[in-house]
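Undergrad:
Residue numbers (the numbering used here): -15 to 56.
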């Protein structure tokens, strides 16, 4: 039973990460479209990308934590 739950958890995590990665890609494409219109400085662009990276990592960690909580 534990093995089945472990495998289910692994599959769910992979699916969440896959879906999350696709969403991240779409957000980055949208951000770059905005950059093309507004032409931020290189420093502003890097700061925004770093912030986006941090937010995406936090969201991914929260999603995985939620999955783990729901399985307990």
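Ideal placement from N, C-alpha and C gives every residue a C-beta, glycine not left out.
Quick check on residue 41: does DSSP put it in helix, strand or coil?
TA: helix
Undergrad: So residue 18 and residue 36 are in contact, right, with Cβ under 8 Å, and what is the actual spacing, rounded?
TA: The C-beta separation of residue 18 from residue 36 comes to about 12 Å, leaving the pair out of contact by the 8 Å criterion.
Undergrad: Looking only at C-alpha atoms, which of 45, -13, 12, 42 sits nearest to residue 30?
TA: 12
Undergrad: Can you grab the Cα-Cα spacing for the pair residue 33 / residue -11, in whole Å?
TA: 36 Å
Undergrad: If you draw a straight line from the C-alpha of residue 8 to the C-alpha of residue 0, how long is it?
TA: 12 Å
Undergrad: Taking the straight line between their C-alpha atoms, what separation do you get for residue -5 and residue 40?
TA: Between residue -5 and residue 40, the alpha-carbon positions lie close to 20 Å from each other.
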